[in-house]
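Numbering (the working numbering), first residue to last: 19 to 263.
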């Protein structure tokens, strides 16, 4: 009995070591000199597809304007972009900000819900309104760089690609700031981004997109069921195509 217990302890310890040391080394070795498969759209390609960006928001008055402005400050052709925002019964100034910004940006289409639906319920409604061949799902507190949309969408030139994840960065807050992401959280996120990129190089699939920003072919998109907590993981698994990072 004691021998079996010792074996179980060794196996458990080995699995922990493999998870934190062995698997990262394996990914680094297997990814080697691999590159993401092509083809990709050129930045000025006339074939760049239309994109519908879906965003569920609840009481996001502190970030919603910056989010919207960063979305439209893009190198991607604005005529190919729509931003569909669902305000999930917001009780702050989110709705007023959306109305003002919609007058400034004709590509912004807000929907205000009088009752709480939860994120999956809002995304189901927004995805039903989407018509573009590529959907970008994102959160209000994840801001885009000018090339973000292009870097996500360019991989859909490859018909085998159904989902593209973004490397979402979270720089640690300055010491004494009292809020923001800790250095440990920032390091964890950078590590996860690296693992997902390496997994996509090796197997053409990563274990779930970061819910803050990812793109999916509309034909491969299945909305998460209402009440489902880890919606990004569900959508990634349901896509059924190759995924890249």
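The beta-carbon is built from N, C-alpha and C at its ideal position, and this holds for glycine as well. Remember, it's a predicted structure, so these values are computed and weren't measured experimentally.
Spatial distance of residue i from residue j (CA atoms)
i           : j           : result
residue 149 : residue 83  : 24 Å
residue 98  : residue 92  : 11 Å
residue 206 : residue 213 : 11 Å
residue 124 : residue 60  : 26 Å
residue 76  : residue 114 : 13 Å
residue 127 : residue 143 : 13 Å
residue 69  : residue 209 : 29 Å
residue 57  : residue 176 : 5 Å
Simplified DSSP assignment, three categories, for residue i
i           : result
residue 127 : strand
residue 232 : strand
residue 48  : helix
residue 34  : helix
residue 24  : helix
residue 175 : helix
residue 185 : coil
residue 56  : coil
residue 105 : strand
residue 81  : coil
Residue i, buried or exposed, once every other Cβ within 10 Å from all chains shown has been counted against 16
i           : result
residue 52  : exposed
residue 24  : exposed
residue 38  : exposed
residue 72  : buried
residue 94  : buried
residue 11  : Nothing can be reported for residue 11, as the shown portion of the chain is limited to 19 through 263.
residue 241 : buried
residue 36  : exposed
residue 46  : exposed
residue 104 : buried
residue 34  : exposed
For residue j and residue i, believed in contact at Cβ under 8 Å, the rounded distance
i           : j           : result
residue 162 : residue 89  : 5 Å
residue 85  : residue 158 : 5 Å
residue 134 : residue 107 : 5 Å
Closer than 6 Å: residue i CB and nearest the ligand COA heavy atom
i          : result
residue 21 : The ligand COA is not part of this structure, which contains no ligands at all.
C-beta atoms of residue i and residue j nearer than 7 Å
i           : j           : result
residue 239 : residue 101 : no
residue 183 : residue 232 : yes
residue 136 : residue 186 : no
residue 78  : residue 129 : no
residue 234 : residue 138 : no
residue 151 : residue 67  : yes
residue 237 : residue 141 : no
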